[in-house]
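I have placed the structure first, in the form of structure tokens, so that the comments after it can refer back to it.
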Amino acid sequence: MAGCGRGLKQAPAGRGLTPAAPTGSVSWMRIVLMGAPGSGKGTQSQRLVERFGIPQISTGDLLRSAVARGTEYGVRAKAAMDSGQLVVDEIVLGIIRERLAERDTERGFILDGFPRNFAQATALSSLLGTLGRPLDAVVLFEVDYAEIVRRISGRRSCQQCGRVFNIHASPAGTPAHCERCDDQPTLVQRADDEESTVRRRLEVYEQQTRPLADYYAAQGLLRTIDANASVDEVTVRLFALLESLPAQRLLRNAS
Ligand SMILES: [Zn+2]
């Protein structure tokens, strides 16, 4: 019932506010991308931004930007970080709220990396409810954990040019050297990408974030994508999924 009311009430507003999307048939959407570290959602998020012209809201970037610009919540976040404390959810939510007040989010947004736990999810629902801008969908990228560990632990980067390579993509036995730099420096692995670190991050995801799938499924928002595929194949699946969202059908029918 809530879903129907939401779509009917907001479809005309969405049409009035915004011109047609530059490409694709999605006029507006508010989505959360969920997935384990290494599931590829960051890359897919970038492709959504390019295709639909809807901004990506990544809380890490947002936090840095709010601190740099000295917004109300940015100042509070900086105070917390300077005193070695965690930035509490209330501040992160405040920063998201500040971001959603900017015009480029009128056609929607892609939340990437937030919420990460139940408390954040309920706080987000409450904030978006207050703003009258509830989520259209939550897309869960499902990738086998073994594949994630393989992908991430294969990452190597060049300290000279910063380019990231994957040793699994190179022919077996190829030495790990940068192909772009003339003197072919040796590639290095970031501490974050070491297998033990990856496994720890997957555990946190499994315990705190993955259960949100049930929370969003109960609200009829969850859409799952099998992301055990190439980046391009996952993009095809993602676009198809988003263009078939009920809210988008409703918009097209109404126009
Ligand atoms: Zn290089």
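Heads up, the sequence shown is in our numbering, so the first residue is 804 and it goes up one at a time. Backbone N, C-alpha and C define an ideal beta-carbon position, used for all residues, glycine too. The structure presented is a predicted model; accordingly, all values stated were derived computationally and were not measured.
Between leucine 1015 and alanine 924, the gap from beta carbon to beta carbon is short of 9 Å.
At least one heavy atom of ligand 1 falls within 8 Å of the beta-carbon of glutamine 963. For phenylalanine 917, no beta strand (DSSP E) encloses it, and the DSSP letter there is neither H nor E. In this structure, the C-beta of proline 988 approaches ligand 1 to less than 8 Å from one of its heavy atoms. The alpha helix (DSSP H) runs of length 4 or more contained entirely in the stretch 871 to 953 are, from start to end of the chain, 875 to 885, 892 to 903 and 921 to 934.
With respect to leucine 1045, leucine 914 sits apart: the two C-beta atoms are not nearer than 9 Å.
At a Cβ-Cβ threshold of 9 Å, glutamate 905 and tryptophan 831 do not count as neighbours. In chain order, Ala883 place their CB closer than 8 Å to the CB of valine 891, counting only its own chain and leaving out the 5 sequence neighbours on each side. The continuous alpha helix (DSSP H) containing threonine 846 extends over residues 844 to 855. With distances taken between CA atoms, proline 840 lies nearest to Glu1009 out of Glu1009, Gln1022 and Glu1036. Under a 10 Å Cβ-count criterion, glutamine 847 is classified as buried, with 16 or more other Cβ atoms of the shown protein chains found around its own Cβ.
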